[in-house]
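Numbering (full-length UniProt numbering), first residue to last: 1 to 132. Shown next, in structure tokens, is the structure this report addresses.
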């Protein structure tokens, strides 16, 4: 598949996903679906927070490129992560588990990463376990 064809296919997948029941928009073309909710009074992270999360990342064809599940949940400074995570996680509360759908520009853009072709829409199943 040609690179532009791949990029177009990813954009079309995201447009279709956005129309599904339960899928809601965030800023910058990001969409999400709530899998489970934490307490409504649980803390939310900000850009400078350290977040503890379990996550699995896949491309639109279902290929898993990264996962913390089955190991210790990593602690990461939110501002050091990809733009899509920074935006989505600031809307989550501890205990929330969301599936987020990131347009390529909110992930790695046109640049390829191991297991992720440039122009990929990224799908993450993220569970926010803690905020520090």
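Beta carbons: idealized from backbone N, C-alpha and C, even for Gly.
The shortest C-alpha to C-alpha distance from residue 28 to any of 83, 94, 90 and 110 is the one to 83. Close CB contacts of residue 42 within its chain, under the 6 Å cut and outside five residues either way in sequence, are with 93, 94 and 95 (chain order). By the neighbour-count criterion, in which a residue is buried when 16 or more other Cβ atoms sit within 10 angstroms of its Cβ, residue 36 is exposed.
Boundaries of the beta strand (DSSP E) around residue 99: 97 to 102. In terms of Cβ geometry, residue 34 and residue 131 do not form a close pair [threshold 8 Å]. The beta carbons of residue 115 and residue 6 sit no closer together than 8 Å. Burial state of residue 10 is buried, judged by a 10 Å Cβ sphere holding 16 or more other Cβ atoms.
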